[in-house]
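Numbers 229 to 716, taken from the working numbering, label the letters of the first sequence in order.
Yeah, the Cβ is synthetic: ideal placement off N, Cα and C, and Gly gets one too.
Encoded as structure tokens, the structure appears first; notes follow it.
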Amino acid sequence: MNAHAENLTIYNSLKGEKEKFTPVKEGFVGLYVCGPTVYSNVHLGNCRTFISFDMVYRYLVHLGFKVRYVRNITDVGHLVDDADQGEDKIAKKARLEQLEPMEIVQQYTLDFHQVMNQFNAIAPNIEPTATGHIIEQIELIKTILDNGFAYESNGSVYFDVEKYNETHPYGELSGRKIEDLISNTRELDGQSEKRAPLDFALWKNASAEHLMKWPSPWGIGFPGWHLECSAMSTKYLGDQFDIHGGGMDLKFPHHECEIAQGTASTGVAPVRYWMHGNMLTLNGQKMSKSTGNSILPDELFSGENEFMEKPFDPMVVRFFMMQAHYGSTLDFTSDALLAAEKGYMRLTEALSHLDKLNAGSESSQDVQALVDSFYAAMNDNFNAPILVANLFDAVKYVNSINDGKASITATDLELLQREMKAFTHDVLGLSPAVSGGDDKLAPVMDLVLELRQEARENKDWGTSDKIRDGLANAGITVKDSKEGTSWN
RNA sequence: GACAAGGUGGCUGAAUGGUUAAGGCGAUGGAUUGCAAAUCCAUAUUGUAUGAGUUCGAAUCUCAUCCUUGUCUCCA
229 MNAHAENLTI YNSLKGEKEK FTPVKEGFVG LYVCGPTVYS NVHLGNCRTF ISFDMVYRYL
289 VHLGFKVRYV RNITDVGHLV DDADQGEDKI AKKARLEQLE PMEIVQQYTL DFHQVMNQFN
349 AIAPNIEPTA TGHIIEQIEL IKTILDNGFA YESNGSVYFD VEKYNETHPY GELSGRKIED
409 LISNTRELDG QSEKRAPLDF ALWKNASAEH LMKWPSPWGI GFPGWHLECS AMSTKYLGDQ
469 FDIHGGGMDL KFPHHECEIA QGTASTGVAP VRYWMHGNML TLNGQKMSKS TGNSILPDEL
529 FSGENEFMEK PFDPMVVRFF MMQAHYGSTL DFTSDALLAA EKGYMRLTEA LSHLDKLNAG
589 SESSQDVQAL VDSFYAAMND NFNAPILVAN LFDAVKYVNS INDGKASITA TDLELLQREM
649 KAFTHDVLGL SPAVSGGDDK LAPVMDLVLE LRQEARENKD WGTSDKIRDG LANAGITVKD
709 SKEGTSWN
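Printed below as a string of structure tokens:
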């Protein structure tokens, strides 16, 4: 266990304030994150949430916690809006494309995994699917029924919100009052199955046309959307676990219902620390497929989109996200990504210098204080932007040493190498750029640079600059320094 | 309409009562260079949406106004 683990604080959405983090079981952390609904390509906003919690997971591991990280795949039960008459989203898509529902699920699950790999996000320890846990969900409904917090109606089962609210506050996470919710609810046709408009479905009875359905004690049907997370999180992490993460948009009703379901079944609140990632915007406006103000990860990486001047490496996008706090909104613009790209290059350059530095008899900076600042930043509610700022202090120091204008002892150098790499690669998840692995290019470059060096020694600037400019056009930057010429 | 989170320099984005408001990018000057690039040093943008208030002291707390983002529940 890292000594810094004692000082971790987390902003708990439930309390609305930062709290010292104390796990249920010392040394262990249960982390659950609401995963994607796999009925279309994962969009950039979803990616940000998953990347944010990837960073959280990575830092917990870095602190020495034994973390069980669970992130679900929603492959059933998520319903669309009024116009679609309550049809299952995945079933609807299947009919349009003449595919089996599970074919859709497979296609977009693979897409999701591929994008997460590109962003260098570590796969969760368990990635359960809703369809794989129908039995667990049915059992959970039985328990809630037995405890008197739900009722059966016409082959469906609904959660009795008003009954629950008599003993537990419904709306405590999202800051809503049940009276306001009731007065704001529209009276819709066909709600006769429910006793009250506020009640939400635990089990929904399926029509004949419905494609994804299962037998249950209440008839053929499918589970309510909020139920899967309750069933799967508690199955793998226990009735009460440490951290539940997700996007801000899921706070209400999804997470509110999870609290209610968990509490109604076990008597204890299921989650100790609720964490919510914020949304991202594109050029200051929300991303929306319908208005065309939308961009997919692949379009960002390939440059085939109307918003960005050029393609961006997934690591640049990740670095850009790490420069903003997970709890704040983030605006995607071409200018901002171009700036992030340059900053990221500066950071990775410094890291490559780090291994080649020479140690001296003294350190001109307090390296331990620098390293402590990395931990202080992350311990303050995972403040990655401050960590990045502190890493740039280290970058400046490393470059100064590299220039011979600053010094570092062998002991400090070893410490700085270890911690800078740990925080950049392991915690922020910024992996070293994978070079093309073109073995033939290196000897060619050696030859070209040798020719240029000969030209320079002969003061043949025309030839040397022709080589430099030609390489620049080919995307290769030549860098001259005292030690010689390098390229990338 | 209700509830929630926000509005910070040219761009991006930290900091929630306490000296000169972090960092990245961009800009300017200097060192370095054959000239550049990269790197280092220095500087500036006279910056906290608008208006009022609380306080010895406000980006931070209160009220109002304008704007942005999220949610308002599965509903034959």
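Residue state for ALA378 is assigned as strand, using DSSP reduced to three classes. In the DSSP assignment, VAL545 falls within the unbroken alpha helix (DSSP H) covering 542–550. Counting only runs of 3 or more residues that sit fully inside the segment 505–591, the beta strand (DSSP E) segments are 508–510, 558–560, in chain order. Look at ARG276 here: in three-state DSSP terms it is helix. Sequence-distant Cβ neighbours of TYR464 in its own chain, meaning closer than 6 Å and more than five residues away, are VAL298, ILE354. Here the C-alpha atom of SER601 lies approximately 38 Å from the C-alpha atom of ASP339. For LEU430, the uninterrupted beta strand (DSSP E) segment begins and ends at 428–433.
Proximity of the segment 240–259 to the segment 330–338 falls short of the contact definition, fewer than three beta-carbon pairs being nearer than 8 Å.
Between LEU658 and MET515 the beta-carbon gap is near 24 Å, outside 8 Å, which marks them as no contact. Taking the Cα positions, HIS454 is about 8 Å away from HIS483. Rounded to the nearest whole angstrom, the CA to CA distance from ASP640 to ALA568 is 29 Å. As the crow flies, the alpha-carbon of GLU328 is around 19 Å from that of PRO443. The C-beta separation of SER461 from HIS472 comes to about 7 Å, placing the pair in contact by the 8 Å criterion. Shown here, HIS472 sits in a strand according to DSSP, grouped into three states. GLY449 is bridged by DSSP to ASN433, TRP442.
Taking a C-beta distance under 8 Å as the contact criterion, HIS290 and ALA650 qualify as a contact pair. The beta carbons of ILE487 and LEU401 sit closer together than 8 Å. Three or more beta-carbon pairs separated by less than 8 Å are not found between the segment 521–534 and the segment 491–508, which leaves the two stretches without contact.
A Cβ-Cβ separation of about 4 Å places GLU456 in contact with ALA358 under the 8 Å criterion. Secondary structure of PHE387 (DSSP, three-state): strand. The beta carbons of ASN506 and THR237 sit about 18 Å from each other, so the pair does not count as a contact at 8 Å. GLU647 counts as buried, since no fewer than 16 other beta carbons sit within 10 angstroms of its beta carbon.
With a cut-off of 8 Å on Cβ pairs, the segment 374–389 is in contact with the segment 422–433, counting three or more such pairs. Of all alpha-carbon atoms in GLU380, CYS262, MET283, the one lying nearest the alpha-carbon of GLN551 is that of MET283.
Within the same chain, Cβ atoms closer than 7 Å to the Cβ of VAL623 are found at ARG574, LEU575, ALA578, the five residues on either side in sequence being excluded. SER241 counts as buried, since no fewer than 16 other beta carbons sit within 10 angstroms of its beta carbon. Beta bridge pairing from DSSP links GLU367 with no other residue.
Looking only at HIS232, ASN382, PRO397, MET476, the smallest Cα-Cα distance to SER435 is reached by ASN382. Taking 8 Å as the upper bound for CB-CB distance, LEU528 and PHE540 are in contact here, some 6 Å apart. For GLY258, the enclosing beta strand (DSSP E) stretches over residues 256–261.
Judged by DSSP in its simplified three-state form, LYS294 adopts strand. For the 8 Å CB-CB criterion, VAL595 and LEU656 do not form a contact.
When DSSP reads this structure, ASN240 sits in a beta bridge with GLU245. Note on geometry: alpha-carbon atoms of LEU478 and ASP563 lie some 30 Å from one another. In this chain, GLY657 is not harboured by any alpha helix (DSSP H), its DSSP state being neither H nor E. Put simply, the backbone Cα of ASN586 is about 54 Å away from that of ASP467.
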